[in-house]
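Protein chains: 2
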Amino acid sequence: MQLSAGKWRRLKSLTDEQGRFKMLAVDQRGSLRRALSQAVNRPPNQIPPEALTEVKRLITKVLAPHATAVLTDPEYGYPASLEHWPPRCGLLLASEGTSYERAKGKGRRSRLLENWSVEKAQRAGADAVKLLIYYHPEASRDVRLHQQQLVQCVGEECASFDMPFLLEIVIYPLEGSGPDSAEFARQKPELVIRSAQEFSQPHYRVDLLKLEFPADLKWAREFSQGAFDGKERPSVYTLKEVRDFCAQLNEASGVPWVILSAGVDIEEFLMQLDLAVEAGSSGFLCGRTLWKGSLAYYPNYDKMEEWLHTQGVYNLLRANAHAARALPWFEHRKFLQK
Amino acid sequence: MQLSAGKWRRLKSLTDEQGRFKMLAVDQRGSLRRALSQAVNRPPNQIPPEALTEVKRLITKVLAPHATAVLTDPEYGYPASLEHWPPRCGLLLASEGTSYERAKGKGRRSRLLENWSVEKAQRAGADAVKLLIYYHPEASRDVRLHQQQLVQCVGEECASFDMPFLLEIVIYPLEGSGPDSAEFARQKPELVIRSAQEFSQPHYRVDLLKLEFPADLKWAREFSQGAFDGKERPSVYTLKEVRDFCAQLNEASGVPWVILSAGVDIEEFLMQLDLAVEAGSSGFLCGRTLWKGSLAYYPNYDKMEEWLHTQGVYNLLRANAHAARALPWFEHRKFLQK
Chain A
1 MQLSAGKWRR LKSLTDEQGR FKMLAVDQRG SLRRALSQAV NRPPNQIPPE
51 ALTEVKRLIT KVLAPHATAV LTDPEYGYPA SLEHWPPRCG LLLASEGTSY
101 ERAKGKGRRS RLLENWSVEK AQRAGADAVK LLIYYHPEAS RDVRLHQQQL
151 VQCVGEECAS FDMPFLLEIV IYPLEGSGPD SAEFARQKPE LVIRSAQEFS
201 QPHYRVDLLK LEFPADLKWA REFSQGAFDG KERPSVYTLK EVRDFCAQLN
251 EASGVPWVIL SAGVDIEEFL MQLDLAVEAG SSGFLCGRTL WKGSLAYYPN
301 YDKMEEWLHT QGVYNLLRAN AHAARALPWF EHRKFLQK
Chain B
1001 MQLSAGKWRR LKSLTDEQGR FKMLAVDQRG SLRRALSQAV NRPPNQIPPE
1051 ALTEVKRLIT KVLAPHATAV LTDPEYGYPA SLEHWPPRCG LLLASEGTSY
1101 ERAKGKGRRS RLLENWSVEK AQRAGADAVK LLIYYHPEAS RDVRLHQQQL
1151 VQCVGEECAS FDMPFLLEIV IYPLEGSGPD SAEFARQKPE LVIRSAQEFS
1201 QPHYRVDLLK LEFPADLKWA REFSQGAFDG KERPSVYTLK EVRDFCAQLN
1251 EASGVPWVIL SAGVDIEEFL MQLDLAVEAG SSGFLCGRTL WKGSLAYYPN
1301 YDKMEEWLHT QGVYNLLRAN AHAARALPWF EHRKFLQK
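Those protein sequence lines, which keep their order, are chains A and B.
Per this note's numbering, residue 1 is the first one in the first sequence, and the count goes up by one each step.
Per this note's numbering, residue 1001 is the first one in the second sequence, and the count goes up by one each step.
Right under this line is the structure:
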């Protein structure tokens, strides 16, 4: 299986010289607005769009020089951050609208950003297009079909422009259990693995998967006494089983894959990254885990920048070091098969 | 309090440009011989000196390019490794003999390497002299006096050559409890802190302390379910208390300090390093945690070198990243006082 020259060349501009992804995400919109609103104790709709733009500009300015590529959004992030783009730092642009629609049936429906397209991303200088979809293999049939068709549609548009297609899959609890529950922690491995399997099928034309870590380490026996957040939880699996989930995920992913942080604290993320890299991941694309600590200072932009220069850079440097043994993407078995 | 120009200049050659120590230790003798003997299932005295030399040469060759300085011994390590010394990589030479003498009273007595001196280290090109002593504040009086006099003697010799003096303090259980016991884990903070306090006194003329992590993380509640080695243990303190021990150690240390690894696994060491750096440490000087995994391949030197090039370098790169926020040594409060 081979890539077009255009996809190949653009994918190469997202990695370090060895083909490893050490990428910064700053394309958040809804979750960023909520975090800023918490910092000032006001409702999210009172956070002005200019604040999102300024925060994204600051994060990009300080952290981009240490990343191999940055994912941002074309609305708030890219225009104002452009002046800070370092030479040889790749650009990924988000193509989905923020949040999701609660379906009539069971599940979540994603939608595309309005007035945006792969063609426009290409013209704007993007090296890859990213689509985030919420996915649950047990969502109602029409929700699943909607999500699958959305992916296929973006996949085809990307292919027609030789634009690399990065698909981010976010799983969710269908009903009942909250995200920090033993029940959801138990379901997570299967949900992540089955979703990766689904979208590895060739007709989706995905080039790179951005996946959640396939377990919740806070519920793994060895870390269940509050290793990451001080809170004790019952254990639902062992670290050995978690390693096995990672191996299964690597098996399920038919294309190179990177992990996302879902905003966990940095120590937990570094542990996830070690385990993912050990299993065959090609690096990371993460945001909040690196820079969320700066948001508490909003709207003091000087303090935010100072935090980013010290703790933020430190977080990214550690993540980069932990990705030093990631699998170069072109060594993924997909490219080794005749 | 000021340093002589010669000490200042030599200390600077041990760090990165910001004054942080990211140093590799390969001066082990007894413990290295024992590890090699285990790899081939033979008694230690059947490991020839040439094996120590070759293993040290390999480790130095592969890892030194990623370290700001390397500590080796003048007998087995330095002569054969010299050809691999990278430019701008500092050199520390050990001055103690391996192991210790069981005292007639309670405790352990260290001794100096025979036919060796600070003057010889200076001639050989060393940037610092290291002395390891075993110490227990409750050892019998003559043992304590012996250890203290040894330190003072080397301190004076160093001063007379403007040679930086690095003192490594290793604590031990006096009687009864083994090193991996709840009792010793409980004693460790006080033993490390009191020893650092003792040798921070100006008459010892120590420039840099190499200290043990002041707690055993395997016995800290949050990690006690086998986070680092799969073995469950009762909890003897919390992570919050461990942070407090680190702060107390920083308070006790009257000179810049770095931590040693005592051969723990890399994940545990990185966690120790984060906590030490947070408390005010200036970096690390560690060996086994970085390269012990290579010893299992002895006597297959090709396999050892391959392991060092992949996992060994990866371990050191991660440790370097985790030391990125260490306190530059010249910002230690010792140099800020008038």
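A virtual CB, placed ideally from N, CA and C, is assigned to each residue, including glycine.
On the three-state DSSP scale, how would you describe residue i?
i, result
"A296/A", "helix"
"E1175/B", "coil"
"G90/A", "strand"
"E119/A", "helix"
"Y1134/B", "strand"
"K1012/B", "helix"
"T1060/B", "helix"
"M163/A", "coil"
"R1020/B", "coil"
"T1310/B", "helix"
"W1257/B", "strand"
"L1191/B", "helix"
"E114/A", "coil"
"L1211/B", "strand"
"R1144/B", "helix"
"R109/A", "strand"
"T1098/B", "coil"
"Y1345/B", "Outside the modelled stretch of chain B, which goes from 1001 to 1338, sits residue 1345/B, for which no answer is possible."
Please confirm whether any heavy atom of the ligand MG lies closer than 7 Å to the CB of residue i.
i, result
"S13/A", "The ligand MG is not part of the structure shown, which contains no ligands of any sort."
With 16 as the cutoff for other CB atoms within 10 Å, does residue i come out buried or exposed?
i, result
"L1166/B", "buried"
"C1153/B", "exposed"
"V143/A", "buried"
"H1203/B", "exposed"
"Q1337/B", "exposed"
"Q1201/B", "exposed"
"K231/A", "exposed"
"V1040/B", "exposed"
"D180/A", "exposed"
"K1218/B", "buried"
"L1145/B", "exposed"
"N1250/B", "buried"
Report all residues from its chain with a CB closer than 8 Å to the CB of residue i; omit the five preceding and five following residues, and keep chain order.
i, result
"I171/A", "Y134, Y135, H136, K188, L191, V192, S195, E212"
"C1286/B", "M1023, L1024, A1025, I1259, L1260, S1261, F1269, A1319"
"G1312/B", "I1059, V1062, L1063, L1290, W1291, G1293, S1294"
"L308/A", "L58, I59, V62, L63, W291, S294"
"C89/A", "A64, P65, A67, T68, A69, V70"
"L138/A", "A quick correction: the sequence has Glu, not Leu, at residue 138/A. So the list reads K106, L174, once near-sequence residues are dropped."
"K1334/B", "M1001, G1254, V1255, P1256"
"P1328/B", "T1015, Q1018, G1019, R1020, S1282"
"D265/A", "F228, D229, T289"
Closer than 6 Å by C-beta to residue i: which residues in its own chain qualify, once you throw out the five before and the five after it? Chain order, please.
i, result
"S1235/B", "R1221, S1224"
"V1118/B", "V1129, E1157, C1158, F1161, M1163"
"S4/A", "D162"
"V242/A", "A215, A220"
Please report the straight-line C-alpha distance between residue i and residue j, rounded to a whole angstrom.
i, j, result
"E96/A", "K210/A", "14 Å"
"P74/A", "T15/A", "21 Å"
"V255/A", "L150/A", "19 Å"
"A296/A", "M271/A", "24 Å"
"F284/A", "H1066/B", "23 Å"
"P43/A", "D1216/B", "45 Å"
"L1092/B", "L1273/B", "21 Å"
"L11/A", "E1050/B", "48 Å"
"A321/A", "K56/A", "24 Å"
"S1303/B", "T1310/B", "In the sequence under discussion, the amino acid at residue 1303/B is Lys, which differs from the Ser named in the question. Answer to the nearest angstrom: the Cα atoms are 11 Å apart."
"A1035/B", "Y1301/B", "15 Å"
"G1019/B", "D1207/B", "14 Å"
"P1086/B", "H332/A", "34 Å"
8 Å is my cut-off, CB to CB: does residue i come that close to chain A?
i, result
"A1321/B", "yes"
"A1227/B", "yes"
"R1221/B", "yes"
Determine, using beta carbons only, whether residue i comes closer than 8 Å to chain B.
i, result
"T60/A", "no"
"F312/A", "Reading off the sequence shown, one finds Gly at residue 312/A, where the question assumed Phe. With 8 Å as the cut-off, G312/A does not count as an interface residue toward chain B."
"S224/A", "yes"
"A324/A", "yes"
"L317/A", "yes"
Looking only at its own chain, which residues have a Cβ that is under 7 Å from the Cβ of residue i, when we skip the five neighbours before and after it?
i, result
"G1006/B", "D1162"
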